[in-house]
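Here is the structure we will look at, set down as structure tokens.
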Amino acid sequence: MALYNRPRRLLGATALSTLGLLMLAGTAFAQDKPAAPAAAAGDTTDVVIVGTRFSAKNMQMKSDNSISVLSAADLQHTAVHNAAEIMGLMPGVNVMMTGNSFIGGIDGASRGEGQYVSIRSMNAEYNVNLINGVEVATAQPYSRGVQLNLIPPNGLQTIVLNKTSMANMDGDAIGGTIDFRTPTAFDFHGKQHASVQVSGNFESQAHDLKADAKGYGAAAEYSRKFGAGENFGVYASYYYSLRQYANSELGGVMEASGGDRAYAISYVDANGNIPAGMNPVDDLILAGFNVGVSSGRTELAGGTLAFDWRPDDNTTYYLHATYAHDFTTQNSSLNQIVGEGTVRNEGTSPLDSGALKPGYISAGNGLYQTLIPNVSNRLWYETNPEHASLSTFELGMKKTAGNWHFAPSLFYSYGRNDRPNHLELWTTSIPTGSSSSGAAPYGAATLVTYSDDFPVAHLTPGMDFAARNPGSMPAPCCYELTAGFSDQTKYGARFDTGYTFEGDTLQSIDFGAKYVSSERAVTNRDYTVGEPAPAASFQADTAIFDGYYPGFPGKYEYPVPIINHVELARRFGALTATQAALDAASDICAGGGSALGVMINYNCNTLGGTEKVASAYVMAKFVSGNLEIIPGARYESTKVHNTYFVRVTADESQDHFDSNNATFSAFLPSIFLNYRTSPDTVYRASIWTSYTRPPLFQLGGSASTSFDP
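Residue 2 is where the sequence shown starts when you use our numbering, and the numbers rise one by one after that.
See the structure below:
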């Protein structure tokens, strides 16, 4: 968990300016269609667009299940960065600024924008995300969550949130199903429609930190109907936006749970255990934190394309495609205070033949308090670049023939989430009299107390000087690059059909089948090199040191060095210019000093797999007076094949790739009741079943665990 500078709103007082231009024949608003049929909201094959809040309300009322809808009018009156933040307008939805952290580093929360959504307080990976009814690829390496900040507010016409899952919907939605729907040419009045928007934004927090604070964006859309009967329509849209940000950050959990392990057990008994009756959480104390600034920029680009042909009133052929790309740089510079050598594990007695061991003091009543032997002042710089993209494609038709309706379709989605050039540098303060490398003697029981819920460090004069004058610390000693790549390709087909009865208690029967195949690939590699000729101090390294951020205004007077990122990248590139030098720097799983070590490092964090899901459903609708009864059942079968690298620690020369297979099946019954007392009132009750599949990272690892209560 990280805390961020709260004297102002995290995003700052964002000022937005938007200009809309309407050209050619047509109007700016979506066509106000007749109210959607009752089954449309729950049936993801029937994509209904609503243009006004009134029609959105009608859609919610007439739906067979519980939904929330944002209309085109709702979307036009929001000043947000992306679709995740738009979702915050819906009841029961929480927008999260984090959730995409990579192992061993800071996450994306300090970017100050919504990235994921939680439905009913459940993590984003429990949601199913659709674009025009197509389930999108999930490219996160460690999660099935989808970054909704990829989807812009421009080019969306309707957002439908299904809070319950009917039989004709994907079964792995424990949280909810979100469907982002884009327009077609038939959603606008007139033969032709066009619009252009330009926008600007200003980040006050970035301005206060003397960083770039201005951004801008542009979006355009065009649609036209062709033919004598205007039965063929084309719609296209494009958008681009640039946002620059800088935010102060404070990290405590990062230091406590990361490699520095800056926490301690405060009190122990004579056996070294947490005292009886004491809450273990209360006995843990923080022994370090960092203060820093995270800055960067996010570029979003993409668009949509829709071809629709309606040769008659009962037939529609369509081809819909979307694309979104996110390129983000995030550079974090941190001024760190880290306690070292603390007692972290239970069971180590503080006594040796009745005498106190070093590192403990008597607290009376048979209890002993642990000490923090040493404290280190450090500087750390790391980046969190991100290249992410998401695309969807669907080709299908809808046909009504008498009382029958048919909806076959083919679909495809591709997603990627890469961190290709995660760079780091670090240094450690080594004051005179240090008892261990990089740390100064401390010897007190408490390093951190709290004021207004913010940690306060109690430092010696020398440590306080280093924190307030970080340029006096040694120059960078080491540089590190981590390259991570993850993508998923998903494609398949579905067929939905049904029969509508006339004048009977049984109103309709719907059934269908779906097949989805997906492929995943994840790699993560790491390289570390030392600085061969470090400068006398950090500030003496004028090529890498580029001044100071004020740090955390109003809370800490600890300046944060500004790092010349271009110079850092140049240095790392120069030190790994040859393949031999790059191989020698590889170190993620083994030393890179041998051919075997290099082979291990290039393969140990490589994972690939396929997942094939076949499903079928049937559901019926009965009506008796004001009561609707909709029973249904869905069956899903999943086959997973994974390929991964296995290390044989007894003999690393026997390391190899291996694979496994697994099959999961789920039967998902449901029943929905709707009691309609008037056109404006409906009472709902439902019981449905859902499940979730673990991410590939968990399904395809080379180790397994079991729990035996």
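We treat Cβ as the ideally placed atom computed from N, Cα and C, and that holds for glycine.
Top-ranked residue by Cα proximity to residue i, from the options
i: F290; options: E204, G278, R379 and G218; result: R379
i: P92; options: N155, K164 and N128; result: K164
i: A174; options: P153, I152 and S119; result: S119
i: T316; options: R244, V619, G403 and Y557; result: G403
i: R694; options: G176, K215 and Y361; result: G176
i: P374; options: R417, T506 and I362; result: I362
i: S333; options: P535, V292 and A651; result: V292
i: R495; options: A615, D65 and A621; result: A615
i: G626; options: N675, A582, A265 and T579; result: N675
i: L157; options: L700, G397, S238 and G348; result: S238
i: S538; options: A220, T329, E568 and W427; result: W427
i: L162; options: M170, V70 and E86; result: V70
i: A408; options: A514, G609 and M464; result: A514
i: Y240; options: G230, Y382 and A220; result: A220
i: S196; options: G216, F203, R244 and R225; result: R225
i: N248; options: R298, I275 and V269; result: R298
i: G191; options: S166, G201 and V235; result: V235
i: D213; options: L243, F187, H194 and Y223; result: L243
i: A257; options: G574, T343, P535 and I87; result: T343
i: M255; options: V282, Q337, T329 and K622; result: Q337
i: T690; options: L697, Y645 and Y636; result: Y636
i: K622; options: G355, G552 and D505; result: D505
As assigned by DSSP and simplified to three states, the class of residue i
i: Q141; result: coil
i: H566; result: helix
i: N150; result: helix
i: R298; result: strand
i: Y236; result: strand
i: K399; result: strand
i: E653; result: helix
i: I179; result: strand
i: N59; result: helix
i: D584; result: helix
i: E503; result: coil
i: R112; result: helix
i: L380; result: strand
i: R572; result: helix
i: Y603; result: helix
i: S1; result: Limits of the chain in this structure are 2 at one end and 710 at the other, which puts residue 1 out of reach.
i: E231; result: coil
i: F394; result: strand
i: A667; result: strand
i: R469; result: helix
i: P462; result: helix
i: A522; result: strand
i: S691; result: coil
i: E86; result: helix
Contacting residues, own chain, Cβ-Cβ under 8 Å from residue i (five flanking each side not counted)
i: A271; result: S350, P351, L352, G367 and Y369
i: G146; result: G100, N101, Y117, N124, A125, E126, N128 and T139
i: L285; result: Y264, A265, I266 and S267
i: S436; result: Reliability fails at S436, whose pLDDT of 40 lies under 50, so the model's placement of it is uncertain and the value that follows must be treated cautiously. Same-chain partners within the cutoff: P374, N375 and P442.
Same chain, Cβ closer than 7 Å to residue i, five either side skipped, listed in chain order
i: F103; result: Residue placement at F103 cannot be trusted, given a pLDDT of 42 that sits under 50; the coordinates are not used to answer.
i: R262; result: R345
i: Q655; result: V649
i: L586; result: For the sequence presented, residue 586 should be read as Ala rather than Leu. Y528, T529, V530, T577 and G593.
i: I152; result: N83, A84, F181 and A325
i: Y557; result: V292
i: Y549; result: P560, V561, P562 and I563
i: L76; result: I87, P154 and L157
i: A229; result: none
Other residues of its chain near residue i: CB distance less than 6 Å, five sequence neighbours each side excluded
i: H82; result: E114
i: A138; result: S414, Y415, G416, Q489 and K491
i: A544; result: E568
i: V641; result: E612, A663 and L700
i: S666; result: S638
i: E629; result: N675
Do the segment 471-483 and the segment 525-540 make contact, defined as three or more Cβ pairs closer than 8 Å? In short, these stretches touch, since the Cβ pair count reaches three.
Does the segment 440-454 come close enough to the segment 365-383 to have 3 or more Cβ pairs within less than 8 Å? Three or more beta-carbon pairs drawn from the segment 440-454 and the segment 365-383 are found closer than 8 Å, and the two stretches are therefore classed as touching.
Indicate whether the contact test is met: 3 or more Cβ pairs, each with one atom in the segment 453-467 and one in the segment 512-527, closer than 8 Å. As far as the Cβ criterion goes, the segment 453-467 does not touch the segment 512-527, which means the pair count is below three.
Mind pulling the alpha helix (DSSP H) runs of 4 or more residues that sit fully within the segment 245-331? Restricted to the segment 245-331, the alpha helix (DSSP H) segments that are unbroken, complete and at least 4 residues in length are 254-258, listed in chain order.
Is the number of C-beta pairs between the segment 316-331 and the segment 392-399 that are closer than 8 Å three or more? Result yes; three or more Cβ-Cβ pairs closer than 8 Å.
Meets three-Cβ-pair contact criterion under 8 Å: the segment 54-68 and the segment 670-687: The count of Cβ pairs closer than 8 Å, one atom from the segment 54-68 and one from the segment 670-687, reaches three, so the stretches are in contact.
At a cut of 8 Å, does the segment 591-610 reach the segment 494-513 through at least three beta carbon pairs? The segment 591-610 vs the segment 494-513: no contact.
Counting only runs that start and end within the segment 334-382, where is the alpha helix (DSSP H) found for 4 or more residues in a row? Runs found: none.
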